[in-house]
Amino acid sequence: MCAEKTEMKVRVPASTSNLGSGFDVVGLALQMYLEVEAVAEGDGLVIEAEGLGASQLPDDESNLIYRMIREHAGDAVPAGLHLKIRNDIPLTRGFGSSAAAIVAGIALGLWIKRGTPAERQVVLEAASAAEGHPDNASAAVLGGLTVSAVIDEQVEATSLRLPYGIEVVVLIPDREIETKKAREVLPLSIPRSEAVFNLQRLGLLLAGLFQNNRTYLYHGVKDRIHQGRRIHLLPPMGAVVKALNDHRGCLGAFISGAGPAVAAFTSGDGRKLGELGIAEFSKEGIPAEARILAPDYLGLTYD
Numbered sequence: 579m580c581a582e583k584t585e586m587k588v589r590v591p592a593s594t595s596n597l598g599s600g601f602d603v604v605g606l607a608l609q610m611y612l613e614v615e616a617v618a619e620g621d622g623l624v625i626e627a628e629g630l631g632a633s634q635l636p637d638d639e640s641n642l643i644y645r646m647i648r649e650h651a652g653d654a655v656p657a658g659l660h661l662k663i664r665n666d667i668p669l670t671r672g673f674g675s676s677a678a679a680i681v682a683g684i685a686l687g688l689w690i691k692r693g694t695p696a697e698r699q700v701v702l703e704a705a706s707a708a709e710g711h712p713d714n715a716s717a718a719v720l721g722g723l724t725v726s727a728v729i730d731e732q733v734e735a736t737s738l739r740l741p742y743g744i745e746v747v748v749l750i751p752d753r754e755i756e757t758k759k760a761r762e763v764l765p766l767s768i769p770r771s772e773a774v775f776n777l778q779r780l781g782l783l784l785a786g787l788f789q790n791n792r793t794y795l796y797h798g799v800k801d802r803i804h805q806g807r808r809i810h811l812l813p814p815m816g817a818v819v820k821a822l823n824d825h826r827g828c829l830g831a832f833i834s835g836a837g838p839a840v841a842a843f844t845s846g847d848g849r850k851l852g853e854l855g856i857a858e859f860s861k862e863g864i865p866a867e868a869r870i871l872a873p874d875y876l877g878l879t880y881d
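So the sequence shown is numbered by the working numbering: it starts at 579 and just counts up by one.
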């Protein structure tokens, strides 16, 4: 580790992805965070974790954050490394917890190796490769509403600001869905009509957000690629999405990432939508938590 600085800290936001029609393309950073501090001290590896899912995080070399540090710092990893993890991102719920961990580990690993924080594009490229898709990684690194693509093996992504007053209400059930399992239920190919449907709705989604057009946004979160095929993994997800979309205060509801959480855009009815979503999950005996969140526009930060 660089002699000039033996303590390094990064903060990475949560993210929701897809937003319905934007499968593997659109992400949105949210104000829930993973903070990781790396300190060169002592002998061997020490990992301390607090916050959501702390007891589930490995405290040895199998820890995802440490694996990314080791992969990107190589021999520069100090003999004694103390990782202090503080997490407010629900695990395996559809909020990019693995992307946040990957981004944090890569950023710290490159910082250790170079002695200076790496450029965001470098972190983004590495994180997207590790994730296998750029939507969550782009939001985690850049913040804001991100649209991303892989062009000639390079990730191209841009960050946009949502119109003032739009907030996101998220419903977080007391259930988990592994991203790997959620991706396995998707077919390798889809009918052309389904691809066209999503392309049309993605245009409406972006136009609806930035033109403040409720009708466009309502239809823009619809899709035929992933949501319908994932609902059977936790059937109440579908009922919650429908109930929220039927409420006049909802601007558009969708499964957050791979699920099982549900997210919705609103401009002031977050509390009511949260109560409605909790009630829908409870009908199936599933406890749920509601949070009203603002977008994060900072993305990956170094301290």
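The beta carbon of each residue, even a glycine, is placed where N, CA and C say it ideally should be.
A quick note: this is a predicted structure, and the numbers were derived from the prediction, not measured.
For the alpha helix (DSSP H) holding residue i, just list the boundary residues, first then last.
| i | result |
| --- | --- |
| E885 | Beyond the ends of the chain as shown, which are 579 and 881, falls residue 885; an answer cannot be given. |
| P814 | P814 to N823 |
| N714 | D713 to L720 |
| Q805 | Q805 to R808 |
With DSSP as the reference, label residue i as helix, strand or coil.
| i | result |
| --- | --- |
| Y742 | coil |
| R883 | The first residue shown for the chain is 579 and the last is 881, placing residue 883 beyond what the model contains. |
| E697 | coil |
| A651 | helix |
| H660 | strand |
| S595 | strand |
| E734 | strand |
| Y875 | coil |
Within its chain, find whatever has a CB closer than 7 Å to the CB of residue i; leave out the 5 residues flanking it on each side and keep chain order.
| i | result |
| --- | --- |
| A760 | R808, L811, A836 and G837 |
| L659 | A616, A618 and L623 |
| L740 | L723, L787 and P873 |
| P548 | Nothing can be reported for residue 548: it is not among the residues displayed for the chain, which extend from 579 to 881. |
Suppose the cutoff is 8 Å on Cβ atoms and the five residues either side in sequence are ignored; what does the same chain contact list for residue i look like?
| i | result |
| --- | --- |
| E582 | Per-residue confidence for E582 stands at a pLDDT of 47, beneath the threshold of 50, marking its modelled position as unreliable; no derived number is given. |
| T670 | E754, I755, E756 and T757 |
| R779 | G598, S599, H797, G798, V799, K800 and D801 |
| G701 | A small fix is needed here, since residue 701 is Val in this sequence, not Gly. If we look at V701 and ignore the five residues flanking it on each side, its Cβ neighbours are V681, I684, A685, L688, V719 and L878. |
| R645 | E639 and G683 |
| V875 | Residue 875 is actually Tyr in this sequence, not Val. Cβ neighbours of Y875 beyond the five flanking positions: A607, G721, G722, S737 and R739. |
| I768 | R802 and I803 |
Who are the near neighbours of residue i in its chain, counting only those whose CB is closer than 6 Å to its CB and skipping five residues on each side?
| i | result |
| --- | --- |
| D881 | K587 |
| L642 | A679 |
| Q805 | I833 |
| N823 | A831 |
| L688 | H650 and A696 |
| N625 | For the sequence presented, residue 625 should be read as Ile rather than Asn. Around I625: D637, N641 and L661. |
| A705 | I680, V681, I684 and A715 |
| L738 | G722 and L723 |
| R576 | No information on residue 576 is available, as it lies outside the stretch 579 to 881 that the chain covers here. |
What residue range does the beta strand (DSSP E) around residue i cover?
| i | result |
| --- | --- |
| S726 | L723 to I729 |
| L688 | Premise fails: L688 lies in the alpha helix (DSSP H), S675 to R692, not in any beta strand (DSSP E). |
| Q609 | V604 to A618 |
Exercise. Counting pairs of Cβ atoms below 8 Å between the region 660-677 and the region 600-617, do you hit three or more?
Worked result: Flag = yes, the region 660-677 and the region 600-617 touch.
Problem set entry | Any 3 or more C-beta pairs closer than 8 Å across the region 647-662 and the region 687-698 | With the rule of 3 Cβ pairs closer than 8 Å, the region 647-662 counts as touching the region 687-698.
Problem set entry | Complete runs of the alpha helix (DSSP H) confined to the region 827-871 [at least 4 residues] | Within the region 827-871, the complete alpha helix (DSSP H) runs of at least 4 residues are 848-860.
Exercise. Mind pulling the beta strand (DSSP E) runs of 3 or more residues that sit fully within the region 742-795?
Worked result: Counting only runs of 3 or more, we get 745-751.
Problem set entry | Three CB pairs or more closer than 8 Å across the region 851-867 and the region 759-774 | By the Cβ criterion, the region 851-867 is not in contact with the region 759-774, since fewer than three pairs of Cβ atoms, one from each stretch, lie closer than 8 Å.
Exercise. Are there three or more Cβ pairs, one per stretch, closer than 8 Å when the region 586-602 is compared with the region 625-633?
Worked result: No, the region 586-602 does not touch the region 625-633.
For this session: Flag this pair as touching only if the region 841-858 and the region 810-830 have three or more C-beta atom pairs under 8 Å; answer yes or no.
Result: By the C-beta criterion, the region 841-858 is judged to be in contact with the region 810-830, since at least 3 inter-stretch pairs fall below 8 Å.
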